[in-house]
Amino acid sequence: MVPLFISTPELFFVLFVAVLLFGTDKIPEIARTLGKGMRQLRDATSEIKNEINKSVEKAGVDTSLIDEVKEEVEKAKEGLEDPFGSIKRNK
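Residue 2 is where the sequence shown starts when you use our numbering, and the numbers rise one by one after that.
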């Protein structure tokens with residue numbers, strides 16, 4: 002799987018330019034910094050979700066409606082993912 006729809010030659014070109022700009026000694030440091038930043042963002046997102054869930058439970062909100070809405074959204078999304086699926090099957 003290629004991230005962000007970048008082809009392999011384009012990815013190598015980007016890596017080549019990064020090596021030219023930053024040098025081979027700085028790239029691991031940059032990657033480490035980006036990794037730490039992504040981890041902090043993921044942790045913050047998880048913490049926010051946990052706080053929301055705690056608040057919902059504390060308030061006594063019925064979450065069954067939320068689950069039903071999620072199921073309906075998933076069903077609608079499945080129908081949208083392959084809009085020509087039924088046409089292809091009927092050929």
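For glycine and all other residues, C-beta sits at the position ideal for the given N, C-alpha and C.
- The criterion of a C-beta distance shorter than 8 Å is not satisfied by V70 and T64.
- Taking C-alpha positions only, L81 is separated from E73 by approximately 12 Å.
- Straight through space, the alpha carbons of R43 and F13 are spaced by roughly 27 Å.
- Collapsing the DSSP output to three states places S8 in coil.
- Going by beta carbons, V18 and I28 fall outside the 8 Å limit.
- Here G36 carries a helix assignment [DSSP, helix/strand/coil].
- Per DSSP, reduced to three states, the secondary structure at K27 is coil, with no helix or strand assignment.
- In this structure, the CA atom of A32 is about 43 Å from the CA atom of G61.
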